[in-house]
Amino acid sequence: VESQTNEKIKDLFPDGSLNSFTKLVLVNIVYFKGQWDREFKKENTKEEEFWLNKSTSKSVPMMTQCHSFSFTFLEDLQAQILGIPYKNNDLSMFVLLPNDIDGLDKIIDQITPEKLIEWTSPGHMKERTVILHLPRFEVEDGYDLEAVLSAMGMGEAFSVCGADYPGMSSHSRLHAQKFLHRSFVVVTEEGTESSAATGVGFALTSAPGCEHFHCNHPFLFFIKHQESNSILFFGRFSSP
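Here the sequence shown is numbered in the UniProt record's numbering, starting from 1 and rising by one per residue.
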């Protein structure tokens, strides 16, 4: 796994997760590395405050660029969405940014995959000139999906009596004991890998009608395949 993810995901199996009785573990790993259609210039990246809440902040390297992006306001949610295309424009990273510093927890329960697809559809978003401030960041997490898959109706896969894997083993009691999922996302000036200087002039003045998208407080991000509307990665950035 480590070699296939460019050494981004290490130690997939935590200490104690496997023992002498473990016969079958399901593993899901996806590795993605994308280059922005328009890279952020490293000389425009500078340290800024990222607000965890209205009273606490941490310093982050904040990337900046001004270009035309797909953009829309979500009045009902008091939030805005911006799409950052990767090269060839078949994939984009979308950032959902609440208007309020503490606004993410208030809207996260209202979000569904269907709404994300609707909000990011070409008919819903418009091309606007935007001054974008996006932290350079990385997010890593891991999950045992047994409980989630069981709730979705796949409980028999983990049952001693109900599991059936005839294509893998003739042993009638073979069953999955864990389903481990790890994810790792890195966002830099060049693009996204998933598995400091002075500002530029446009940071001081902007043309009339230019939007500002300043990701200096918690936000959601997701990578979507445009043609199929498939969401490949989905995450939350709350703290550097």
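Note that the Cβ used here is the ideal one computed from N, Cα and C, for glycine as well.
All figures in this text were calculated on a predicted structure; none of them were measured in a lab.
> Of the choices 128, 41, 235, whose alpha-carbon is the least far from that of residue 183?
Replying inline: With distances taken between Cα atoms, residue 183 lies closest to 235.
>> Quick check: what's the CA-CA separation for residue 91 versus residue 85?
In response: Distance between the alpha carbons of residue 91 and residue 85: 6 Å.
> Buried or exposed: which applies to residue 44, given that a residue is buried once 16 or more other Cβ atoms fall within 10 Å of its Cβ?
Replying inline: Its Cβ being crowded by 16 or more others within 10 Å, residue 44 is buried.
>> Starting from residue 116, trace the beta strand (DSSP E) in both directions and tell me its first and last residue.
In response: Per DSSP, residue 116 lies in no beta strand (DSSP E); the unbroken alpha helix (DSSP H) holding it starts and ends at 113-119.
>> Assess contact between the stretch 120-127 and the stretch 63-73, defined as three or more Cβ pairs (one per stretch) separated by less than 8 Å. Is contact present?
In response: Contact holds: three or more Cβ-Cβ distances are below 8 Å.
> Just curious, the beta strand (DSSP E) that residue 46 is in, first and last residue?
Replying inline: Unbroken beta strand (DSSP E) run through residue 46: 46-51.
>> Starting from residue 126, trace the alpha helix (DSSP H) in both directions and tell me its first and last residue.
In response: Segment 126-135 is the beta strand (DSSP E) holding residue 126; no alpha helix (DSSP H) there.
>> Can you list, in chain order, the residues of its chain with a C-beta nearer than 7 Å to that of residue 225? Leave out the 5 residues immediately preceding and following it.
In response: Only 90, 91, 232 meet the Cβ criterion.
>> If I measure Cβ to Cβ from residue 134 and keep anything under 6 Å in the same chain, skipping five residues before and after, which residues do I get?
In response: If you ignore the 5 residues before and after residue 134, its C-beta comes within less than 6 Å of the C-beta of 63, 215, all in its own chain and listed in chain order.
> Using the rule of at least 16 other Cβ atoms within 10 Å of the residue's Cβ for burial, across every protein chain shown, is residue 34 buried or exposed?
Replying inline: Flag for residue 34 reads buried.
> For residue 144, does the three-state DSSP call read helix, strand or coil?
Replying inline: In the displayed model, residue 144 falls within a strand according to three-state DSSP.
> Which first and last residues belong to the alpha helix (DSSP H) in which residue 107 is found?
Replying inline: Residue 107 -> alpha helix (DSSP H) spans 104-107.
> Do you know how far the Cα of residue 131 is from the Cα of residue 190?
Replying inline: Approximately 18 Å, taken between the alpha carbons.
>> So within the stretch 39-104, which uninterrupted beta strand (DSSP E) runs reach at least 3 residues, ignoring any that extend past its ends?
In response: Restricting attention to beta strand (DSSP E) runs no shorter than 3 residues, the stretch 39-104 encloses them at 46-51, 57-74, 79-85, 91-98, ordered along the chain.
> For residue 75, which of 147, 119, 222 has the nearest alpha-carbon?
Replying inline: Selected option, being the one with the closest Cα: 119.
> What do you get for residue 95, buried or exposed, if any count of 16 or more other CB atoms within 10 angstroms of its CB means buried?
Replying inline: With a 10 Å radius around the Cβ and a threshold of 16 neighbouring Cβ atoms, residue 95 comes out buried.
>> Suppose you measure from the CA of residue 54 to the CA of residue 217; what does that come to, to the nearest Å?
In response: In this structure, the CA atom of residue 54 is about 9 Å from the CA atom of residue 217.
> Can you give the Cα-Cα distance for residue 51 and residue 37, rounded to whole angstroms?
Replying inline: Distance between the alpha carbons of residue 51 and residue 37: 28 Å.
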